[in-house]
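Those sequence lines, one after another, are chains A and B. Mapped onto the numbering used here, the consecutive letters of the first sequence carry residue numbers 235 to 493. Mapped onto the numbering used here, the consecutive letters of the second sequence carry residue numbers 1145 to 1413. Every residue, glycine too, gets a C-beta built ideally from N, C-alpha and C.
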Amino acid sequence: MIQLQNISKRFLSNVVLDGVSLDVQDGETVALLGPSGVGKSVTLKMINGLLKPDSGDVIVDGLHVPKLKRHELAELRSRIGYVFQYGALFDSDPVAENIRLGITNEDQYHDEAYWKERVKECLRLVNLSADVADKYPAELSGGMKKRVGIARAIAGKPKYLLYDEPTSGLDPVNADVIDGLIERLRDELGVTSVVVSHDVRGSFRVADRVALLWQAKIRAVGTAEEILASRDTAVQQFLERDLEMSLIQAEGNQDRHGA
Amino acid sequence: MAAVAGALDLVRYVGRWGSRPAQHVLGNAGRFTYLLIDLMRGLTEWRVYLPRMFTQATHIGYGSLFIVLLVAGFAGAVTSLQTGYQFTGSLPLYYAGAVISESMILELGPVLTALILAGRIGARYAAELGTMRVTEQIDALESLGRSPITHLLLPRVIAGILVIPALTMFANATGIVVGYLTAKGSLGLTYADFEYGARYFFRPLDLWYSLIKSYCFAGAVTLIPCYIGYNTQQGAEGVGRATTTAVVSASVTILLLDALTTKLLLGVK
Ligand SMILES: Nc1ncnc2c1ncn2[C@@H]1O[C@H](COP(=O)(O)OP(=O)(O)OP(=O)(O)O)[C@@H](O)[C@H]1O
Ligand SMILES: [Mg+2]
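Right under this line is the structure:
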């Protein structure tokens, strides 16, 4: 279970989060929505301790993340996969080694038969062909990098997964593959996930519940139906604008396919 | 360990009340010391850093060999010509053998090699680590429960500490050989004279001194750029700043260490 309790965070005079609370139950997928720059990535980084809250507590798997010693934090992190918004691939290592580094069990990491098989499997799960393994990150397209980032995050079979905009920059087919993967990891392996997104439709599909981050606070939490039925003007505003955006994008894609 | 950490916190605490530059210096000194402690602690994890260390060592070793030997060769040649110019007619020729070999081993070999490598290895380390910091690769490593100390810093530091003294010894040898050949060409110094002069003033301690010096310099060339690169902030501009700062700080530290080791090690002889 992931619990954010009354989190506040500021950078100098820029108050990013102001009393944010959110619970994610075991085996649940929660989507975190919000406009650009609202603090979605910052929130996600608090969960695995890459950033510390100024006040409030973060509890993951029963551990108080901000208070953990370094080796305890490392141990916890090996159970949390993190998909970085911009990939953050190790660019001096080939794709295979990138994914292999995601295998957090040291014995499995050194077991050649195991890791080779696991790298192949992870590439297949994110819809990449096996020959990508020998390429370097600089040789990949943006969408391919994103998917290698996802493959690296799932390679260690984590119990928790934090996705920072996993489908942004992907074509609709691959976005569907990733959404499907997120669902399968939850249904088949019981993975607990937080999916940061500003794609309202995609997140309604994968998430059990949706939270809207708005002006440094969680403005609304609930199932897709509850959020859609919300009378809160901020929520409505955000949904309308975003649904409009995705309609425009969908039309654009149709036009391109039709032409 | 706790006592050291406590003392460092005190340093930071006192630093906070000082002027900004003082705070800056103390803060950096504190964080640098913490990093050194972390590096020491990481030494037990050889399974992680050894393979990566070999990769780094081959990269920087082969990559730097040519420029190091080139510089050492020129230094030997110029020393030889200068010696000839200053000695003409006033001192026996075999003295040139002593001057060339002693100045290469004691000073030019270690110092020039270290300064060149501050520009080559130091800049490379700072830029690599700085880029990894600003593109979140260091965060990514940590998010996998892996330690940047053992995966990134220790392989680089140890590779440098192995390779730099070795390169220095090659530089010494090259400088002396080229120096001798130049003296033979321009002064007509015979090999027998050269060898006589070189041996006459040579003490085995000199080689140890050269080696100790190059180990100190290797520390400066690796640790300072790693520290600065690892703590890079603010994008591409930050990486640029980190790289120049790293090269300048490493070079100045080399010169300071040069003065210090000369005073401490040669003073007692
Ligand atoms: N390391 C940092 N130092 C200073 N300010 C930061 C830092 N990280 C984030 N911020 C600030 O925090 C705010 C939230 O950033 P964050 O990256 O979480 O936004 P986001 O919701 O993920 O946006 P996007 O959808 O565009 O990715 C921004 O105003 C940003 O300037
Ligand atoms: Mg973000």
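Point to revise | alpha helix (DSSP H) segment containing A/Tyr316, residue limits | key: As a first step, residue 316 of chain A is located in the first sequence; it is residue number 82 there, counting from the start. Here A/Tyr316 belongs to no alpha helix (DSSP H); instead the beta strand (DSSP E) covers 314 to 317.
Check your understanding: How about A/Gly376: is its C-beta nearer than 8 Å to some C-beta of chain B?
Key -> Walking along the first sequence from the start, residue 376 of chain A turns up at place 142. Not a single CB atom of chain B sits nearer than 8 Å to the CB of A/Gly376.
**Study point:** Closer than 7 Å at the beta carbon, the chain B residues around A/Phe318
**Key:** In the first sequence, the residue the question calls residue 318 of chain A occupies position 84. Within chain B, the residues near A/Phe318 are Glu1280, Ala1284.
Point to revise | Contact test: A/Ser270 Cβ vs ligand 1 heavy atom, cutoff 7 Å | key: As a first step, residue 270 of chain A is located in the first sequence; it is residue number 36 there, counting from the start. Checking every heavy atom of ligand 1 against the Cβ of A/Ser270, one is found closer than 7 Å.
**Study point:** Reduced DSSP secondary structure (H/G/I, E/B, other) of A/Tyr343
**Key:** The sequence position of residue 343 of chain A within the first sequence is 109, counting from 1. If DSSP states are grouped into helix, strand and coil, A/Tyr343 belongs with the helices.
Check your understanding: For A/His298, which of helix, strand or coil comes out of DSSP?
Key -> Counting from 1 along the first sequence, the entry for residue 298 of chain A is found at position 64. Three-state DSSP puts A/His298 in a strand.
Practice item. Would you be able to state if there are at least three C-beta pairs under 8 Å between the region 1207 to 1224 of chain B and the region 1317 to 1326 of chain B? Key: Inter-segment contact for the region 1317 to 1326 of chain B and the region 1207 to 1224 of chain B is present: three or more beta-carbon pairs are separated by less than 8 Å.
Point to revise | A/Asp398 - partner residues in DSSP beta bridges | key: Position 164 of the first sequence, counted from the start, is the residue given in the question as residue 398 of chain A. A/Asp398 is bridged to A/Val430.
Review point. Are any of the Cβ atoms in chain B nearer than 8 Å to that of A/Gly336?
Key: Here the question's residue 336 of chain A lines up with position 102 in the first sequence. Closer than 8 Å to some Cβ of chain B, the Cβ of A/Gly336 qualifies, so yes.
Review point. What is the DSSP secondary structure of A/Ala454, reduced to helix, strand or coil?
Key: By 1-based counting over the first sequence, the position of residue 454 of chain A is 220. Strand.
Review point. Who's in the neighbourhood of ligand 2, going by beta-carbon under 6 Å from any heavy atom, listed in chain order?
Key: A/Lys274, A/Ser275, A/Gln319, A/Asp398
**Study point:** 7 Å CB neighbourhood of A/Ala330 in its chain, flanking five on each side removed
**Key:** Position 96 of the first sequence, counting from 1, holds the residue named residue 330 of chain A. Excluding positions up to five away in sequence, the list reads Val353, Ala367, Asp368.
Review point. In angstroms, rounded to a whole number, what distance separates the CA positions of B/Pro1254 and A/His298?
Key: Position 110 of the second sequence, counted from the first residue, corresponds to residue 1254 of chain B. Position 64 of the first sequence, counted from the first residue, corresponds to residue 298 of chain A. Cα to Cα, B/Pro1254 sits roughly 51 Å from A/His298.
**Study point:** Reduced DSSP category for A/Ala322 - H, G, I as helix; E, B as strand; rest coil
**Key:** Counting from one through the first sequence, the residue named residue 322 of chain A turns up at place 88. A/Ala322: coil per DSSP, three-state reduction.
**Study point:** Simplified DSSP state of A/Gln259, which is helix, strand or coil
**Key:** Looking up residue 259 of chain A in the first sequence gives position 25. A/Gln259 falls in the coil class under three-state DSSP.
Point to revise | Coil, strand or helix - B/Leu1409 by DSSP | key: Walking along the second sequence from the start, residue 1409 of chain B turns up at place 265. In this structure, B/Leu1409 counts as helix in the three-state DSSP scheme.
Exercise for review: Give the DSSP-derived three-state secondary structure of B/Ala1364 in the structure shown.
Suggested key: Translated into the one-based positions of the second sequence, residue 1364 of chain B becomes position 220. DSSP places B/Ala1364 in helix when its eight states are reduced to three.
Point to revise | From B/Ala1390, B/Gly1384, B/Leu1400, B/Ser1354, residue whose alpha carbon lies closest to that of B/Leu1252 | key: Looking up residue 1252 of chain B in the second sequence gives position 108. Looking at the Cα atoms, B/Ser1354 is the closest of the given residues.
Point to revise | Residues, ordered as in the chain, of the region 1286 to 1318 of chain B that lie near chain A by beta-carbon distance below 9 Å | key: Glu1286, Ser1287, Leu1288, Gly1289, Arg1290, Ser1291, His1295
Review point. Quick one: what's got a C-beta closer than 8 Å to A/Ala445's C-beta in the same chain, skipping five residues either side?
Key: Numbered from 1 along the first sequence, position 211 holds the residue referred to as residue 445 of chain A. Leaving aside the five residues that flank A/Ala445 on each side, the residues in its chain whose CB is nearer than 8 Å to its CB run, in chain order, Leu256, Val264, Ala265, Leu266, Leu267, Ile452, Ala454, Val455.
Review point. Going straight from the alpha carbon of B/Ala1403 to that of B/Val1169, what length do you get?
Key: Translated into positions along the second sequence, residue 1403 of chain B becomes position 259. Translated into positions along the second sequence, residue 1169 of chain B becomes position 25. B/Ala1403 and B/Val1169: Cα-Cα distance of roughly 22 Å.
Practice item. From the DSSP output, read off the bridge partner residues of A/Asp252. Key: As a first step, residue 252 of chain A is located in the first sequence; it is residue number 18 there, counting from the start. Paired residues: A/Ser242.
Review point. Going by the beta-carbon positions, is the gap between A/Ser275 and A/Gln342 smaller than 8 Å?
Key: In the first sequence, counting from the first residue as 1, residue 275 of chain A sits at position 41. In the first sequence, counting from the first residue as 1, residue 342 of chain A sits at position 108. No. Outside cutoff.
Review point. In chain B, what lies closer than 8 Å to A/Ser402 by C-beta?
Key: Locating residue 402 of chain A in the first sequence gives position 168, where the first residue counts as 1. Correct list: empty, because the minimum Cβ distance to chain B is about 16 Å.
Practice item. Would you check whether ligand 1 has a heavy atom nearer than 7 Å to the C-beta of A/Asn361? Key: Locating residue 361 of chain A in the first sequence gives position 127, counting from the first residue. Flag unset: Cβ of A/Asn361 not near ligand 1.
Review point. Can we say the region 278 to 296 of chain A touches the region 238 to 254 of chain A, given the rule of at least three CB pairs closer than 8 Å?
Key: They touch, by the three-pair rule.
Review point. Across which residues does DSSP place A/Ala265 in a beta bridge pair?
Key: Counted from its first residue, the first sequence places residue 265 of chain A at position 31. DSSP lists A/Val429, A/Val444 as partners of A/Ala265.
Review point. Should B/Val1109 be labelled buried (16 or more other beta-carbon atoms within 10 Å of its own) or exposed?
Key: Since the first residue shown for chain B is 1145 and the last is 1413, residue 1109 of chain B is missing from the structure and cannot be characterised.
Practice item. For A/Ser427, decide whether its Cβ has a neighbour in chain B, counting only Cβ atoms nearer than 8 Å. Key: Taking the first residue of the first sequence as 1, we reach residue 427 of chain A at position 193. Closer than 8 Å to the CB of A/Ser427 there is not a single CB belonging to chain B.
Exercise for review: Express the C-alpha separation of B/Gln1167 and B/Trp1161 in angstroms, rounding to a whole number.
Suggested key: By one-based count along the second sequence, residue 1161 of chain B stands at place 17. By one-based count along the second sequence, residue 1167 of chain B stands at place 23. Caution applies to B/Trp1161, whose pLDDT of 49 falls short of 50 and renders its modelled position unreliable; the value that the coordinates give is listed next. Distance between the alpha carbons of B/Trp1161 and B/Gln1167 is about 8 Å.
**Study point:** B/Gly1159 - DSSP class collapsed to helix/strand/coil
**Key:** Here residue 1159 of chain B refers to the residue found at position 15 of the second sequence. With a pLDDT of 48 at B/Gly1159, under the threshold of 50, the predicted position of this residue should be treated as unreliable, and no value is reported.
Check your understanding: Start and end of the alpha helix (DSSP H) containing B/Arg1300?
Key -> As a working note, residue 1300 of chain B is residue 156 in the second sequence. B/Arg1300 -> alpha helix (DSSP H) spans 1298 to 1331.
**Study point:** Neighbouring residues, chain C, relative to A/Ala322 (Cβ below 7 Å)
**Key:** You won't find chain C in this structure, because its protein chains are A and B.
Check your understanding: According to DSSP, what are the bridge partners of A/Val292?
Key -> Locating residue 292 of chain A in the first sequence gives position 58, where the first residue counts as 1. A/Val292 pairs with A/Leu238.
Check your understanding: Does any C-beta atom of chain B lie closer than 8 Å to the C-beta of A/Leu284?
Key -> Start at 1 with the first residue of the first sequence, and residue 284 of chain A comes out as number 50. Yes, A/Leu284 lies at the interface with chain B (some Cβ there is under 8 Å from its Cβ).
Review point. Using DSSP with H/G/I as helix, E/B as strand and the rest coil, what is A/Ile337?
Key: On the first sequence, residue 337 of chain A is found 103 positions in, with the first residue counted as 1. Coil, per DSSP.
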